[in-house]
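Be aware that the sequence shown starts at -19, since it is given in the numbering used here, and climbs by one per residue. Below is one structure; the comments refer to it alone.
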Amino acid sequence: MRTSGTIIGGLESRPAGGARYRRGGVVVPRLASFEEFWPYYVAQHSRPSTRRLHFAGTTMVLAALAAAVLVSPWWALAAPVVGYGPAWIGHFFFEKNRPATFTHPLWSLRGDFRMYGLMLAGRMRPEVERALKAYPAGG
């Protein structure tokens, strides 16, 4: 049984600090705040393909929510499907890890929108480089 490091999707890394806990066979760092979570979240999205799929999913979520307001409230039901579908494809097939949503759902949602904004501004790459210093194996 492994007691140190982080194991996600078969990858191991050492978090910058903090205790760890095991959940669903995955060891993740114990994080006390969103600011501690952010580098972990970014490292979980180290591949451009994963980030692009998240960007597409978040764009579709915003479109579904706009349609829910402008057309019919039923469109709100589509938001989780169109958002999580592409994101999870990115995690399972490209990143080969578990979505952070499984362990930190609210911080993960906040992270999705922060990443979306940084991608729109063209400022995501430096975040990835910083995160991979804390989590060299991608989380």
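Ideal placement from N, C-alpha and C gives every residue a C-beta, glycine not left out. Bear in mind the structure is a predicted one, so any value in this text is a computation, not a measurement.
Every unbroken alpha helix (DSSP H) inside the segment 27 to 77 [4 residues or more]: 28 to 50, 58 to 69
Inter-stretch contact (C-beta, 8 Å, three-pair minimum) for the segment 12 to 29 and the segment 37 to 55: no
Inter-residue Cα distance where the pair is L112 and T38: Against the sequence shown, residue 112 aligns to sequence position 132. Against the sequence shown, residue 38 aligns to sequence position 58. Spanning the two alpha carbons is a distance of roughly 23 Å.
Alpha-carbon spacing of T30 relative to V49, whole angstroms: Along the sequence shown, read from residue 1 onward, the residue named residue 30 stands at position 50. Along the sequence shown, read from residue 1 onward, the residue named residue 49 stands at position 69. So the alpha carbons of these two residues sit roughly 29 Å apart.
Minimum C-alpha distance to S88 - residue among A47, A46, Y115, Y64: Along the sequence shown, one-based indexing puts residue 88 at 108. It is Y64.
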